[in-house]
Every structure is written in structure tokens, then in C-alpha cells.
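Engineer: Residue numbers (my numbering): 1 to 328.
Glycine included, each C-beta is placed from N, C-alpha and C at the ideal position.
Next up is a structure, given as C-alpha cells.
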Amino acid sequence: MGATGAVGETIVRVLEERALPVRELAPFASSARAGAVRFRGAALDVRATSAEALGGFDVVFFAGGEDASESYAPALLERGSVVIDNSATFRMRDGVPLIVPEVNAGALRAEHRLFPVANCTAILLCAALAPIRDVAGLQAVRVATYQAASGAGRAGLDELRAGERAVALDQAEPEAAVFPRRLARNVVPQVGALDASGVSGEERKVREETRKMLDLPDLFVSVISVRVPVRTAHSEAIFVRTERSINVAELAAAFQRMPGIVFHPDGIVTPRDVEGSDGVHVARLRAEGDAERREFALWCVGDQLRKGAATNAVQILELLLAKGYLRA
Ligand SMILES: NC(=O)c1ccc[n+]([C@@H]2O[C@H](COP(=O)([O-])OP(=O)(O)OC[C@H]3O[C@@H](n4cnc5c(N)ncnc54)[C@H](OP(=O)(O)O)[C@@H]3O)[C@@H](O)[C@H]2O)c1
Numbered sequence: 001m002g003a004t005g006a007v008g009e010t011i012v013r014v015l016e017e018r019a020l021p022v023r024e025l026a027p028f029a030s031s032a033r034a035g036a037v038r039f040r041g042a043a044l045d046v047r048a049t050s051a052e053a054l055g056g057f058d059v060v061f062f063a064g065g066e067d068a069s070e071s072y073a074p075a076l077l078e079r080g081s082v083v084i085d086n087s088a089t090f091r092m093r094d095g096v097p098l099i100v101p102e103v104n105a106g107a108l109r110a111e112h113r114l115f116p117v118a119n120c121t122a123i124l125l126c127a128a129l130a131p132i133r134d135v136a137g138l139q140a141v142r143v144a145t146y147q148a149a150s151g152a153g154r155a156g157l158d159e160l161r162a163g164e165r166a167v168a169l170d171q172a173e174p175e176a177a178v179f180p181r182r183l184a185r186n187v188v189p190q191v192g193a194l195d196a197s198g199v200s201g202e203e204r205k206v207r208e209e210t211r212k213m214l215d216l217p218d219l220f221v222s223v224i225s226v227r228v229p230v231r232t233a234h235s236e237a238i239f240v241r242t243e244r245s246i247n248v249a250e251l252a253a254a255f256q257r258m259p260g261i262v263f264h265p266d267g268i269v270t271p272r273d274v275e276g277s278d279g280v281h282v283a284r285l286r287a288e289g290d291a292e293r294r295e296f297a298l299w300c301v302g303d304q305l306r307k308g309a310a311t312n313a314v315q316i317l318e319l320l321l322a323k324g325y326l327r328a
């Protein structure tokens, strides 16, 4: 559901790339379109979404926003379908796991049928924090994010492209509609609506979901989310205080052991380097000159449409199959 959007299109691609045992794939969107989705060399018709039409599938991926998940997912769960949902609707519900397979595969149990996919920024952050938690404990995390335009879906990407075009041609730039300010040649320190205490929706999700995924409900997490004129892949500057003393070499070894992490002991890595790939890249790891050796800084980059959304969603299905909780 949402197969014509930024995440939905990527889910279809990842299902094909990873050769999931799909017998029938049915793309849904808000309206029907002939031959609009390609899967295994065929052009598939996109169907208009309705509760009846979605019924009868073993697994339904949602990539269409809060309203659609809220309206359609409960009936599908009652019918016994597995629901893997990229919206925020069910993420913080008690008893609902928030799975990043490299981090907390053990939290997935046989009775689970509803799998929210966590916020894209939070998934990348958790992948980078989990090895530190495991070897030194985590006391506090501070993060500044640099989030790509496609994090706001197709409309966000289109708005950035239109702005870039206008700037390049020296024409009048269109007004900002998706973002709070024009994004071309700019950075915008607000992702989502601000609440009464000045925290944005994105910042709240990253804080709460990170605590849930790492199973550290009291972890201090401070986030500033910033939109940058990058098409795809989110970056994060992360500052941590560990519970126990550790050195950079030991932390580097922990990153090197962690599945899904691409550790760069030297040099830098940028969004354009990682676009289209599944790894969570960590670079610029260093101690922050503290005698106790408990303060560290690092840089993390990942394609938020893939590991931050579609790939993680498909990995959840792979995990269900591998554990035998869903039969191919
Ligand atoms: N973009 C990201 O980086 C990212 C990362 C993680 C999670 N997410 C989440 O993933 C979901 C999809 O985001 P996106 O960025 O892919 O959005 P998008 O590019 O705007 O695509 C939205 C898709 O959902 C369909 N849709 C919207 N409302 C619908 C409805 N009521 N009924 C049926 N179909 C509907 C659209 O169909 P039409 O084409 O017919 O309009 C389109 O296929 C959102 O919940 C978002 O928060 C996004």
C-alpha cells in the first residue's frame, strides 16, 4: 500500500533484489494506474486501495501515511495478515515490537503480527548506538541530524528539485509548501510540527523510538533535526557518554563486528556515497578528550529510504520466514 511513493517503490525494488519468495505482488495506491509499478520485469497495474481489495494477502506493507494505516491495518490483522507498517501510527504501542533485525531480532515473537518500522532517523541512530551500548553502556546521547528532502516523500523531493532548478536558472523560486522554508541553498532546522516545549515531531519520535528499540527507557536522548538540500540519505552527528570507560580502538572493533554497519576508520562518508545502499556508515569516531574515556563523537550516514524504511521492512519479513513464524 503506497507502492507509487518514495518508500513503497523502494520496498518493491528491495523485495525483488533480495529474492523474497513472493507468489503474487499487488501494488496499491490512492488511485488506480495501469502498468505503473515494475516487478521482476513486468509492469503491474496499481489498484485503488480499499479494505476489501487489501484483504486476502499474507503480508501487507504500508507506506502511505498515518491515516491509511489506521484505517486499514486493524481489519487486516483480524483476518490474520502480517502488517509491516512504515507509518508512526502503531510504533509506541505496548506489546508491539519495533524491530531492527541487527539490533533486537530477539524481540520478535511468534504471536506478533503487527510490525511498525521505526522512524528512519531512529533506525540509523540505533544501528550506530547498539554496538556502543553493548560494549560500554550508554548514559547520554546527543544528536544533530542532517535529513534529506526525500524523507518528506515524493512531494519533498519535487519541492527541492523545483527550487534547485529555479536557483540554477536564476528564476523566482516557488514558495515552500512541504518544508517550513525554501530548501534549495539552505538548511531548515525544523522537521515536523513544534510542540509547546519547542520539540519537533521528528525529534520526539527519534527520542522515544530510540529508547524503545535499545530497550533503555530512561536513556537521556537530545535531538535537533535539520532538513538539508540533499536528495536521499540522512546524516547524523552523534555525541555519546558511555557508562563505562572504553577507548576508541575497542569501540572501533565493536563497530567492525556489528552486522549492517560499514565502519570507516579513516576519512569521511557522505550521503551521495551511500545513496541506494543498505549499510549504516559510521566514520569520524573519536574520543572527546575526557580523562575518564567516556565521551565520544561520531558521524553516521545511511539511505533512509532503504535501511531507514524499505530494507528494514523487508528484513522483518525475512526474519519471520527464517524463524518459521510465517511459511513461504
Ligand atoms: N520518505 C522517507 O524517507 C520515509 C522513511 C521512513 C518512513 N516513511 C513513512 O513511510 C510512509 C510513506 O512515505 P513516503 O515518503 O513514501 O510518501 P509518498 O512518497 O508521499 O508516497 C505515499 C504513497 O501512499 C499512497 N497513499 C497516500 N495516502 C493514501 C491513502 N489514503 N490510501 C491509499 N494510498 C495512499 C500514495 O498514493 P498516490 O500516488 O496514489 O497518491 C503513494 O503511493 C509515511 O508513513 C512516511 O512517514 C517515510
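Does any heavy atom of ligand 1 sit closer than 7 Å to the C-beta of G201?
Structural biologist: no
Engineer: For a quick check, are the C-beta atoms of V206 and T270 less than 8 Å apart?
Structural biologist: no
Engineer: Do three or more CB pairs link the segment 204-224 to the segment 128-137 at distances below 8 Å?
Structural biologist: yes
Engineer: Is the closest heavy atom of ligand 1 to the C-beta of F90 under 7 Å?
Structural biologist: no
Engineer: Assign V59 to one of three DSSP states: helix, strand, or coil.
Structural biologist: Of the three classes helix, strand and coil, the one that applies to V59 here is strand, per DSSP.
Engineer: Starting from the N-terminal side, write out each stretch of the beta strand (DSSP E) that is 3 residues or longer and does not extend beyond the segment 80-121.
Structural biologist: 82-85, 114-116
Engineer: Determine, using beta carbons only, whether S31 comes closer than 8 Å to chain B.
Structural biologist: The structure shown has no chain B; it contains just one protein chain.
Engineer: Give the DSSP bridge partners of T210, in chain order.
Structural biologist: In the DSSP output, where bridge partners are listed per residue, T210 has none listed.
Engineer: The alpha helix (DSSP H) spanning F255 covers which residue range?
Structural biologist: 248-257
Engineer: Run through DSSP, which three-state label would I132 get?
Structural biologist: helix
Engineer: Quick check: what's the CA-CA separation for G41 versus G289?
Structural biologist: 55 Å
Engineer: Going along the chain, which residues of its own chain have a beta-carbon closer than 7 Å to the beta-carbon of R154, five neighbours each way excluded?
Structural biologist: G5, A6
Engineer: Closer than 7 Å to a non-hydrogen atom of ligand 1 - does that hold for the CB of F28?
Structural biologist: True, at least one ligand heavy atom lies under 7 Å from that Cβ.
Engineer: Checking 8 Å against the spacing of the C-beta atoms, do E202 and A233 come in under that value?
Structural biologist: no
Engineer: Apart from the five residues on each side of it in sequence, which residues of its chain come closer than 8 Å, Cβ to Cβ, to P97?
Structural biologist: N104, A107, L108, R109, H112, F115
Engineer: With distance defined between alpha-carbon atoms, name the residue in L160, R294, L305 nearest to V141.
Structural biologist: R294
Engineer: Grab me the residues of V187's own chain with a C-beta within less than 6 Å of its C-beta, minus the 5 sequence neighbours each way, in chain order.
Structural biologist: V226, V228
Engineer: Which residues in the same chain as V143 place their Cβ atom closer than 8 Å to its Cβ, once the five residues preceding and following it in sequence are excluded?
Structural biologist: L125, V206, V221, S222, V223, I224, E236, A237, I238, F239
Engineer: Rounded to a whole number of angstroms, what is the C-alpha to C-alpha distance between L25 and A136?
Structural biologist: 44 Å
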